[in-house]
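Have a look at the structure below before the remarks.
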Amino acid sequence: MNAKIAIVAILFLLFMNFNSVADEIQWKKTYGIDTYNLAYSIQHTGNGYIIAGYTTPSFKDRVNGNADVYVIKIDENGNIQWQKTYGGDKWDAAYAIQSVDNGYIIAGY
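At position 56 of the sequence shown (counting the first as 1) the number is 57 in this note's numbering, and the numbers step up by one without a gap.
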């Protein structure tokens, strides 16, 4: 079974309801598609959030690359609307994401 690293820390801080008296967590989710996943950027999109970072395959599945850009679009309740990976035969990671008209700009290497 592949180990999955949660993006819980970012989401925990983001989705805490700081206006409530009890500071109750509204929801928490774990996202990931392979053995190691890390988020560097999250942006509110008006109808949810867009998260960018990278994912690495398990050692047995590595053929060409080490890591790929990992982008997840979630709704206001944390449900995945879509997720995509991008990359070549080297280390590819997204360190920032920004919403623009009808799309997103991703910065990384």
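For each residue, glycine too, the CB sits at the ideal point set by N, CA and C.
Taken through DSSP and simplified to helix, strand or coil, Q99 comes out as strand. A68 is bridged by DSSP to W92. Going by DSSP, T57 is part of the beta strand (DSSP E) stretching over G49 to T57. The C-alpha of P58 lies about 7 Å from the C-alpha of A68. Y37 and G54 have their C-alpha atoms spaced approximately 11 Å apart. By alpha-carbon distance to T86, the top candidate from G79, K74 and N80 is K74. Inclusion of Y105 and I43 in the CB contact set at 8 Å is not warranted, their separation being larger than that value. Minimum Cα-Cα distance from T56 among the listed residues S100, W92, A97 and I107 corresponds to W92.
Its Cα nearest to that of L39, the residue Y71 stands out among E25, K30, D90 and Y71.
Here G79 is near K30, since their CB atoms are less than 8 Å apart. Under a 10 Å Cβ-count criterion, A94 is classified as buried, with 16 or more other Cβ atoms of the shown protein chains found around its own Cβ.
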